[in-house]
Amino acid sequence: MNQAKGVIDLIAFIAVLGTGITLLLTGTQPESLAVLVISLTGLYQAYLRIAPQSGSKSDESD
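Structure representation (structure tokens):
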């Protein structure tokens with residue numbers, strides 16, 4: 001099952017990378033692309049159920 005998840009992650013990575021390259025080549029402003037990337041990162045973290053990282057090490061006691 002981990003291998004199937006890895007394949008899905010690879011497909012998602014390639015799709016997002018291709019979308020970013022396409023948007024840059026079609027003249028999308030880099031600032032707009034940055035907002036899109038930050039949003040997609042949040043969605044991907046929610047998909048993986050990764051908690052946001054904080055700067056302190058004291059939160060790792062869970």
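Just so it is clear: in the sequence shown, position 37 is 37 by this note's numbering, and no numbers are missing. Each residue gets a CB set at the ideal place from its N, CA and C atoms; glycine is no exception.
Inter-residue CB distance, residue i and residue j (contact presumed, cutoff 8 angstroms)
| i | j | result |
| --- | --- | --- |
| Leu23 | Leu33 | 6 angstroms |
Nearest residue (CA-CA) to residue i, options the options
| i | options | result |
| --- | --- | --- |
| Leu40 | Ile8, Phe13, Pro30 | Phe13 |
| Gln45 | Gln29, Thr28, Asn2, Asp9 | Asp9 |
| Ile38 | Arg49, Asn2, Gly20 | Gly20 |
Where residue i falls: helix, strand or coil (DSSP)
| i | result |
| --- | --- |
| Gln29 | coil |
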